[in-house]
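If you want this note's numbering, it's the position in the sequence shown, counting the first as 1, plus 1. Yeah, the Cβ is synthetic: ideal placement off N, Cα and C, and Gly gets one too.
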Amino acid sequence: MAVLGGGSWGTAVASIVAVSAPTILWARSAEVAEDIEINHRNSKYLGDVELTKTLQGTDDMERAVADADVLVMGVPSHGFREALENAAPYIRPWIPVVSLVKGLEQSTDMRMTEIVAEVLPGHPAGVLAGPNIASEVVAGYAAAATIAMPDQNSAHKLAELFRTERFRIYSTTDVLGVEVAGALKNVFAIAAGMGDGAEAGYNTKAMVITRALHEMTRFGECLGGDPKTFSGLAGTGDLLVTCTSPASRNRRVGEELGRGKTIEQVLAGMNQVAEGVKAVSVVMDMANRMGIEMPIATEVYGVVNEGRTAEDAYRGLLRSTPGHEIHGEGW
């Protein structure tokens, strides 16, 4: 197994799969790679949590991927293509590629598996996603995720590599739905966080999360996703944990915005990527092209990209007229 990406989630997944198979994690930072290789920790992103002792770390791309039977991509969306292109000369033919990334490429509106298809044509590409806070998973808390691959047989086989006694892995063939859910839940977590920062209350937060799920499902269905995916682990599950956990980076971004900080101030104080900040522009570009009404995403876009405040966003949502809860458009 080769895992590209030395952040918190890439490291957590690498530590998990190292239990089942020889695993090398590639990190851009030589210091992070050395910490993993020698100390069996990723102190920068996961503190003192001890990783699987057999997990190797390196900043040498060729060493990481040359012998891999499975490639796992944990690089953030803005660096995904570059990392994959750098790895491509050393990757064995036809091996499956599993993305951990819950984002979209800004310059092309592509999902990560679409980038894989472009850079590594012929390689089966899928995604692993679910309600997974990295620090909890690597510490051994019970959790679950879904692996989506183009065919059920490969999804089932790969699930065995990621599965442990406390990390349950389900499988599906709805790659598009799982990827869309992963990207959108980060946008909606910013919205929920803005309510937290503005002290809007639990009733308001429940309303936002519930309507966000409706918005996510409508958007995903229009792209061709299975509506059942959005009520599963990659949809409802991931949306709930990302909107409520204090460890959620996207929720934290929203919380700071709700307290009156600008997006520039918020991002300056973070050492990891909050994918929702970048994804919201792609989501709104796609929604506008397809004529999909996205009230919550629209308000998040206004705060992130147009200088509006969290208070403006919530007032904007409440001004819209509610319709039929299940079949109606809008907020």
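Cβ neighbours of residue i in the same chain (closer than 6 Å, five flanking residues each side left out)
i, result
"Y302", "V281 and M285"
"E222", "P228"
"S1", "Because the chain spans 2 through 332 in this model, residue 1 falls outside it and cannot be assessed."
"M113", "F81, S100 and V102"
"T173", "T147 and A149"
"A31", "D60"
"Y171", "T147"
"M287", "D110"
"A13", "A135, V138 and V139"
Residue i, DSSP secondary structure in three states
i, result
"Q273", "coil"
"M150", "coil"
"M2", "coil"
"V76", "coil"
"A144", "strand"
"T237", "helix"
"I170", "strand"
"D313", "helix"
"A248", "coil"
"A15", "helix"
"V50", "coil"
"I327", "coil"
"A67", "coil"
"D286", "helix"
"S155", "helix"
"A253", "The residue asked about is misnamed: residue 253 is Arg in this sequence, not Ala. R253: helix per DSSP, three-state reduction."
"G123", "coil"
"E106", "coil"
"K262", "coil"
"R164", "coil"
"G308", "coil"
"G7", "coil"
"R42", "coil"
7 Å Cβ shell around residue i - same chain, five flanking residues per side excluded
i, result
"D239", "A130, G131, P132, A182, G183 and K186"
"L380", "The question about residue 380 has no answer here: the residues shown for the chain are numbered 2 through 332."
"S44", "D36"
"G198", "G255, E256, E257, L258, G259, R260 and A311"
"S16", "L52, T53, L56 and V139"
"I293", "R219, F220 and C223"
"G123", "W95"
"N87", "M62"
"G233", "T147"
Residue span of the alpha helix (DSSP H) that contains residue i, given as start and end
i, result
"L26", "Run containing L26: none in the alpha helix (DSSP H); it sits in the beta strand (DSSP E), I25 to W27."
"S136", "A135 to V139"
"A130", "It is not in any alpha helix (DSSP H) - A130 instead sits in the beta strand (DSSP E) that spans A126 to A130."
"G178", "V176 to G198"
"I96", "No alpha helix (DSSP H) contains I96, which DSSP labels as neither H nor E."
"A34", "A31 to E35"
"M217", "Y203 to L224"
"I333", "Given that the chain is displayed from residue 2 to residue 332, the structure contains no residue 333 and the question cannot be resolved."
"V20", "Per DSSP, V20 belongs to no alpha helix (DSSP H) and is neither H nor E."
"T114", "M113 to V120"
Integer-rounded CB distance, given that residue j should sit under 8 Å from residue i
i, j, result
"V66", "I37", "Actually they do not touch by this definition, with Cβ atoms about 16 Å apart."
"G337", "A34", "Past the boundaries of the shown model lies residue 337; the chain is included only from 2 to 332, so the question cannot be answered."
"A89", "V120", "6 Å"
"A126", "V179", "About 12 Å separates the two Cβ atoms, so there is no contact after all."
"L5", "A84", "5 Å"
"L162", "V242", "Between V242 and L162 the Cβ distance is about 23 Å, and since that is not below 8 Å, they are no contact."
"I297", "L318", "7 Å"
"G194", "R253", "6 Å"
"D110", "V283", "5 Å"
"S78", "K279", "6 Å"
"A3", "A69", "4 Å"
"E300", "A314", "4 Å"
"I116", "E106", "6 Å"
"V20", "T165", "6 Å"
"A144", "F168", "6 Å"
Where the beta strand (DSSP E) containing residue i begins and where it ends
i, result
"T59", "Q57 to T59"
Neighbourhood of residue i by C-beta, 8 Å cutoff - its chain only, sequence neighbours within 5 removed
i, result
"A59", "Strictly speaking, residue 59 in this sequence is Thr, with Ala absent from that position. Closer than 8 Å at Cβ, skipping near neighbours: I25, L26, W27, A28, A34, E38 and A65."
**OP:** Would you check if the stretch 188-199 and the stretch 267-274 touch, i.e. whether three or more CB-CB distances between them fall below 8 Å?
**Re:** no
**OP:** Determine, using beta-carbon pairs with one atom in the stretch 213-222 and one in the stretch 147-167, whether at least three such pairs fall under 8 Å.
**Re:** no
Original post:
For the stretch 239-250 against the stretch 262-270, are there 3 or more C-beta pairs whose distance is under 8 Å?
Top reply: no
Original post:
Are three or more beta carbon pairs between the stretch 251-261 and the stretch 309-321 nearer than 8 Å?
Top reply: yes
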